[in-house]
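Participant:
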Amino acid sequence: MKITLGDPCLVVLIGASGSGKSTFAERHFLPTETVSSDACRALVADDPNAQDATEDAFAVLHEITSRRLARGRLTVIDATNVQREAREPLVRIAREHDLFAAAIVIDTPEATCQARNATRPDRDFGEHVIRRQARDLRRSLKFLQKEGFRFAHTVRPGDEIEIVREPLWANRAHEAGPFDIVGDVHGCHEELSTLLDRLGYTEAGHPEGRRLVFVGDYVDRGPDTPNVLRTVMRLQAAGHAIALPGNHDVKLLRKLNGRDVQVTHGLAESLEQLEADPVDGAADFLKDLTSHVVLDGGRLVVAHAGMPERYQGRSSRRVREFALYGETTGETDEFGLPVRGDWAADYRGRATVVYGHTPVAEPGWVNNTINIDTGCVFGGALTALRWPERELVSVPATREHYAPAKPLRALEERPDRLLDVEDIAGKRFVQTRFARTVTIREELAAGAMEVMSRFAVDPRWLVYLPPTMAPTATSQREDALEHPAEAFAEYRAEGVGHVVCEEKHMGSRAIAVVCRDEATAATRFGAEGTGALYTRTGRPFLDDAEPALARIREAATAANLWETLESDWVVLDCELLPWSAKAQQLIDRQYAPVGAAGTAALEASVAVLETAARRVDVGALLERTRERARRVAGYVHAYQHYNWPVSGLEDLRLAPFHVLATESGACFDRDHAWHLEHCDALAAADPEWIRRTDRRFVDLTGSDAEATAWWEELTAGGGEGMVVKPLAFTTRGRRGFAQPGIKVRGREYLRIIYGPEYDAPDQIARLRSRALGRKRGLAGREFALGVEALERFVRREPLFRVHECVFGVLALESEPIDPRL
Amino acid sequence: MLLSISTTHRPATDLGFLLHKHPDRVQAFRLPFGTAHVLYPEATDTRCTATLLLEIDPVGLTRRGGRGAFALAEYVNDRPYVASSLLSVALVTVFKTAMEGRTPALAQTEIPLAAELPAVPARGGEELVGRLFEPLGYEVTVTDIGSGRHVGLRLAATTRLSALLTHLYVLLPVLDDEKHYWVDKAEIEKLLRRGEGWLNTHPERELITRRYLKHERRLVNPALAALGEQQPEDEQREAALERPVSLKDQRLGTVQAVLRETGATSVIDLGCGSGALLERLTKDGYRVLAGADVSARALEHAQRRVGSARLFHSPLTYRDKRLRNYDAATLVEVIEHFDPPRLRALEQNVFGSAQPRTVIVTTPNAEYNRLWPSLEGFRHPDHRFEFTRAEFAAWATRIEAEYGYRVRFVPVGPEDAEAGPPTQMAVFTR
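Protein chains in written order, with full-length UniProt numbering: chain A, 1 to 821; chain B, 1 to 430.
1) Here's the rule: buried if 16 or more other CB atoms are within 10 angstroms of the residue's CB, otherwise exposed. What is S36/A?
2) Leaving out the 5 sequence neighbours to the left and right, which residues in its chain are closer than 6 angstroms to F378/B when beta-carbon positions are compared?
3) So, with DSSP's three-state summary, where would you put E400/B?
4) So what's E478/A in DSSP terms, helix, strand or just coil?
5) Helix, strand or coil for V794/A, going by three-state DSSP, please let me know.
6) With a threshold of 16 other CB atoms inside 10 Å of the CB of S769/A, please say whether the residue is buried or exposed.
7) Can you name the start and end residues of the alpha helix (DSSP H) that P226/A belongs to?
8) I'd like to check one pair, V294/B with P315/B: are the Cβ atoms closer than 8 angstroms?
9) With a threshold of 8 angstroms between beta carbons, is A296/B in contact with chain A?
10) Between P173/B and chain A, is the shortest Cβ-Cβ distance under 8 angstroms, so that the two count as touching?
11) Assuming L69/A and A345/B make a contact with CB atoms under 8 angstroms, what is their CB distance in whole Å?
12) Under the assumption that C574/A contacts A620/A (Cβ atoms under 8 angstroms), give the Cβ distance between them as a whole number of angstroms.
13) Just by C-beta distance, which residues in the segment 592 to 606 of chain A are closer than 9 angstroms to chain D?
14) My output table needs one value for G66/B: the three-state DSSP class, helix, strand or coil.
15) Mind listing which residues of the segment 130 to 150 of chain B have their C-beta closer than 8 angstroms to chain A's C-betas, in chain order?
16) Would the beta-carbon of L54/B fall within 8 angstroms of that of A115/B?
17) With DSSP as the reference, label A176/A as helix, strand or coil.
18) Of all Cβ atoms in chain A, is any one closer than 8 angstroms to the Cβ of P364/B?
19) How about M452/A: is its C-beta nearer than 8 angstroms to some C-beta of chain B?
20) By the criterion of Cβ-Cβ separation under 7 angstroms, what are the contact partners of A345/B in chain A?
21) Between the Cα of H202/B and those of F392/B, A122/B, L132/B, spot the shortest distance and give me the residue it belongs to.
22) Have a look at F428/B and F351/B and give me their C-alpha separation to the nearest angstrom.
23) Counting only beta-carbon separations shorter than 8 angstroms, does S4/B have a partner in chain A?
24) Would R305/B pass as an interface residue toward chain A - the criterion being a Cβ-Cβ separation below 8 angstroms?
25) Please state whether DSSP places R691/A in a helix, a strand or coil.
26) Run down chain B in chain order and give the residues with a C-beta less than 9 angstroms from the C-beta of E713/A.
27) Is the shortest distance between the beta-carbon of P118/B and the beta-carbons of chain A less than 8 angstroms?
28) Excluding five sequence neighbours on each side, which residues of the same chain lie with their C-beta closer than 7 angstroms to the C-beta of P459/A?
29) For the alpha helix (DSSP H) containing residue 439/B, list its first residue and its last residue.
30) Identify the contact partners of E367/B in chain A, using a Cβ-Cβ distance below 7 angstroms as the criterion.
31) By alpha-carbon positions, which one of R398/B, L277/B, S85/B ends up nearest to L171/B?
32) Return no unless some Cβ of chain B is closer than 8 angstroms to the Cβ of A458/A.
33) Nearest by alpha-carbon distance to V787/A: which of T730/A, F125/A, A345/A, D220/A is it?
34) Tell me, to the nearest whole angstrom, how far the beta carbon of D78/B is from that of V451/A; I am working on the premise that it is less than 8 angstroms.
35) According to DSSP, what are the bridge partners of A655/A?
36) How many Å lie between R194/B and I188/B at the Cα?
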């Protein structure tokens, strides 16, 4: 006997104690697929026969079953299940997960059950128990389907059983396409023919083996429902098309089946046309349509009115209703049409969902879903989506075949622009191409929420946040904490052949998103203005960024950047100078007072000691105090080096050093020579305002003396230092990716980090151990998230997918790490 | 850090006896945070100066974890250079006997003394320095050292050396408004003992007490009581009674009244902060009270204040399904904290997604601002905009059209004939 089971589904074994359920389950199912009540008793009570643990055991059994079904795993219940009360919750759980329940009755004669139990010393319950079970079972048999079991099979001793598993009807994931998905046709045969021509279909199908998927609504309203039906039926019969049902098709079928339905919304036209021109087999065709379909390895889902992730590939009444009617709120709008729920705005699934049903003026992507019903019958167009190309092909309607109840409207406010708190809250795992999965702890996410929502720029502009950067390993030199030698040594050890040393501008990190014009901003970013200029925590730099953006844009135009990059927008990684432009408050409240107080105190101390030295022996105290005064003077010089008064845009300087992304892609696969070349072009176009980043290229197989000398020179003059990066930008080292950059800061500059006197011999000795590991790990994870954000943006993934990564960078930044690193 | 004490008493070198430190020796004392040196740059019959020089170890001062908003404050800070509580500790350690002032006999005598400090952190500025030291009879000279937060200080008076040392010991940390150690009850006793004979008559005794005890109310109140001050709690209560009803109270009162009229049984306060409105509403018998705010810290306060309310950590610019299914929502002084593009997101979340039947929005009326001549810019530094009545009306009308609500406006606070009320309120219903 062959038993066919849908996969996944819930299989409920029914049989008295001793009937052989467990043996049956062992033979036909995986041990992990079988959830047994005895095993659950043992789990909660250490005894598989503990009858007093029944309630707890079944709570566990139901929970396991529910979790497995939620994950789409076939599950077998090994329990007696002879009473309706025991089966009822199982049927309900299957229904909650939109899967079928199948019953397999193990119908073993009572005497056999009694005999088996008698041989088992652990089953000491009396004969009356089995007798009652057998009676309950017999009573149940004919009601199983009524209880909600989709199938009921009975197995008797000696039956040869073969279990065959079949994917659920909607699951055609093994069919990879390519596909052309066609929107609502509504009897527009002429347009359909033109579209099929345009797509390259002939009587013999598609020369490249492409196949059609119809979202349904073949009938009603339009001029030639019979021929549309014939075309679709023929294509499906020949294996060239997958046809899905629309609500109109279902209603027509009900009418054809003699049911009482209202002849409205264009049904009259269909009936009239079909009466004049009957289509053989139309009712059978319509009857057999599957609610929706999952294709191409689960990447593509097509349904007439859409399909949320929890229903995809499943089968139940409500799945079918959703596929046909979408999510309705029960309210109607001012045109008397149902107000539809916004399932697409909520959609966070991985599969792309293509659907129709509600006519729109323009198809638009919303969270990886697209509505391709462009209202052909209302004078719009018939649209197809080519998959996996994601290209739209449209044929305009020959005329308005039917007057629309309300004008077709474009989606004005893209619902996917509104992010959901669930996109950022809680513990998160972000898959990145670079660093496997990045975990973001819940408390860090909570901490970043306030900064992101109250202070950051509009998330539509926030396509990237820069990673933190680790300093070089602590120098072995007596008088320094950082020196290029360690940075070069690290990259040599990682097997990196070429590095670039870039001058580190002491300003504030700035990300510039610049569009060529407002139209680009609107279409590509869905945002107002022409771009954004924000800090490493996403805060806007200037009250009005537009003049600065205009200046960058003009430079880009003069440098021919739009043409060379083949893009109408660009994301630049920059430093905005001077430091005091953003840090003035910090300078006024912290740096300057420390400098003034230190200078006053130490100068007075030196004066007192010099006077005292004339009459008493002050020993080494005087020289030590003079040394301290010199260090404080160095500190004052260091912080003042990065200050100049700023009264307007003219006083700022921008130093770009990475071209992060353009329409052609994220640019992390380009080497730094390429990045600097484009940044140089910008600097050359506006040398007054855009600063060139000085650099040295070093072949690590040779000497690094020249670069080291250059660093000495930069830092002796008060420069912050340099960043050493693998020339190729991203390079695999010995373990995973090498650090994308290592900063080597100057001795004088470090006074404003480690304190004015950090390099005194007794001080520096205690500063040398600087646990760098966490900072480096963080730098790697943040880099991976930043790259991922831009790559997702370039791939035109939904906003929430981009935002997830950017938010992750901000959350990781609230990790407590030594701020001096 | 440096403190110089000079005298012109004859013979001036008696200063050495007073301090119990020989003028011809250079002495060093180990302290937990560095070394104190005592030396005399001059010691003649006519003039003698003793100097206490603290060599503070900067790295030794740093603690794990950041302090304040500026994460590097641990490392880049003024403590090694200024007269802070570290100096007070050095004073009682190095000049313990001198401070007690029992020996020699000269310690009981008032002599001309001057103290000089090159860098004194002065929270409250030059003016407060005068208010603290002048009542004690000092001639105060303050020099600007170009810091903004520190001054150079010279104090001169004919007084007992122990009095000068004690005044410095108590008042330098007070000027700084900071202490490097944890204060407990023992600190009250210290203050009363060191303040004996001068503190209870000092016009700034309350400020001194508060700052000395790091503003810890559990310490300040008993200390003030011991100094014979009226219980500040009582004073506050009286002030609270007499204070005219504040605009904030009027606003919350109006919101409360309007809410009552709507017949709502469940209310959510969006941007509830620490729960001021929710606390009022607990008395009104709502079935469900809830609040949402993006600040986790504010929510902790709210939790303590109104334990019965459901509280959600939620940034209002992100749609949050938990905000749905309430009859009424309030946005009290919230919208002006959002940049206009983010305000759109808030609108979608509140009016488009949460969709309560009633939404009450209050916001400042920008026109009213000119009635406060001292006000420059917005009423709060975090305000991103403030609406005029026409702008608010235009905004509300757009909400009506886009989200299907009806709006009416309610003035809050005393209305000016031209400028209107200080706060404007819109009540949206659908």
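Just so you know, even glycine gets a beta-carbon here, dropped at the ideal spot from N, CA and C.
Facilitator: Checking against the coordinates, here is how it stands:
1) buried
2) E386
3) helix
4) coil
5) helix
6) exposed
7) 225 to 237
8) yes
9) yes
10) no
11) Rounded, the Cβ-Cβ distance is 36 angstroms, inconsistent with contact.
12) In fact, because the Cβ distance is near 48 angstroms, the residues do not count as touching under 8 angstroms.
13) The displayed structure is made up of protein chains A and B, and chain D is not among them.
14) Legend: pLDDT at G66/B = 41, less than 50; position of this residue unreliable, value from coordinates given subsequently. Looking at G66/B - three-state DSSP - the assignment turns out to be coil, as it is neither helix nor strand.
15) I145, G146, S147, G148, R149, H150
16) no
17) coil
18) no
19) yes
20) L418
21) L132/B
22) 9 angstroms
23) yes
24) no
25) coil
26) Under the 9 angstroms cutoff, chain B gives no residues; its nearest Cβ is about 26 angstroms from E713/A.
27) yes
28) L419, L799, H803
29) Here chain B has residues from 1 to 430 only, and residue 439/B is not among them.
30) Ordered by position in chain A, no residue passes the 7 angstroms Cβ test against E367/B, which lies about 22 angstroms from the chain.
31) S85/B
32) Position check: residue 458/A holds Asp in this sequence, whereas Ala was assumed. Answer yes: the Cβ-Cβ gap between D458/A and chain B drops below 8 angstroms somewhere.
33) T730/A
34) Incorrect: roughly 29 angstroms between the Cβ atoms, too far for contact.
35) E575/A
36) 10 angstroms
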